[in-house]
Every structure is written in C-alpha cells, then in structure tokens.
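**Student:** If you use full-length UniProt numbering, the sequence shown closes out at 107, no skipped numbers anywhere.
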Amino acid sequence: MEWARVISGETRRRGVGPLLSPVKEAARFQDRSLRGVLLGSVKVTGCHHADDCLTETGPNWSELRYCSRFAEPDAWHWTLADPEPLDEPIPMRGRQGLWRVEVEGAV
C-alpha cells in the first residue's frame, strides 16, 4: 500500500479565505501559522479532472459546483483518505507534493 506524505504550505492558485488548507483540515491542525512541517500521511485513492466532477445547479443552471470546496476549475483533483496526523509536526522545509520521507522512529 503506497502512502503519500504531505507537508503544510502547499501552493494554491487562489486564496480560499479563512479556511484551512485541505491537508491541514484533514489532519485536524487548527494552527494556521504552520509552515514547512510534516503533518502526517494520507492514502491517495484516486484522481480526476475538474471536468469529471462538475455539476451545474441553481436557477437556470447558473451555478457551477465541484466535488469539494477546495476544488479548482481546469485542474486535477486528488482523492485522499485515511489521514494519519502526527502527534507533533516535524520541521521539514523545501518539499511539496508527493515524496518519500525517512523519519526516525516512523513505521
């Protein structure tokens, strides 16, 4: 079973206001100042393009909705499951996205 290691501070093309990022929200971290730390791991269960989850709702089909409030138009959406937050964030700078990590004492 392959696990994706995800760190905080992931890049986004547009702001989402006062919401936490999807990674921080899934890991249940409420500290919005966390940057450059390893928060935990998630299982990547799928991936689809925005066009595949777009639905039109509202009066005269004027409102567009995607699979998640974090979803971006014309982008790929990862489906994540089983978030496993660490007890304490581990400082780790310079990496974003998916990568393998060696953490002393990790399983």
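The beta carbon of each residue, even a glycine, is placed where N, CA and C say it ideally should be.
1. State the beta-bridge partners of W76 as determined by DSSP.
2. Just the C-alpha distance for C53 and L64, rounded to the nearest angstrom, thanks.
3. Beta-carbon separation of L98 and L39 under 8 Å?
4. Who pairs with R65 in a beta bridge, going by DSSP?
5. For P91 versus V42, is the C-beta distance shorter than 8 Å?
6. One question on the structure: do W78 and H49 come within less than 8 Å of each other, judged by their Cβ atoms?
7. Is it buried or exposed, P73, if we count other Cβ atoms within 10 angstroms and call 16 or more buried?
**Tutor:** So, to answer that:
1. Here residue 76 refers to the residue found at position 76 of the sequence shown. Note: W76 sits in a beta bridge opposite H49.
2. Taking the first residue of the sequence shown as position 1, residue 53 is located at position 53. Taking the first residue of the sequence shown as position 1, residue 64 is located at position 64. Cα to Cα, C53 sits roughly 10 Å from L64.
3. Translated into positions along the sequence shown, residue 98 becomes position 98. Translated into positions along the sequence shown, residue 39 becomes position 39. Contact: no.
4. Reading the sequence shown from its first residue, position 65 is the one you call residue 65. Per DSSP, T55.
5. The residue labelled residue 91 in the question sits at position 91 within the sequence shown. The residue labelled residue 42 in the question sits at position 42 within the sequence shown. Taking 8 Å as the cut-off, the Cβ atoms of P91 and V42 do not count as close.
6. Here residue 78 corresponds to residue number 78 of the sequence shown, with the count starting at 1. Here residue 49 corresponds to residue number 49 of the sequence shown, with the count starting at 1. With contacts defined by Cβ atoms closer than 8 Å, W78 and H49 do not form a contacting pair.
7. Against the sequence shown, residue 73 aligns to sequence position 73. Burial call: exposed.
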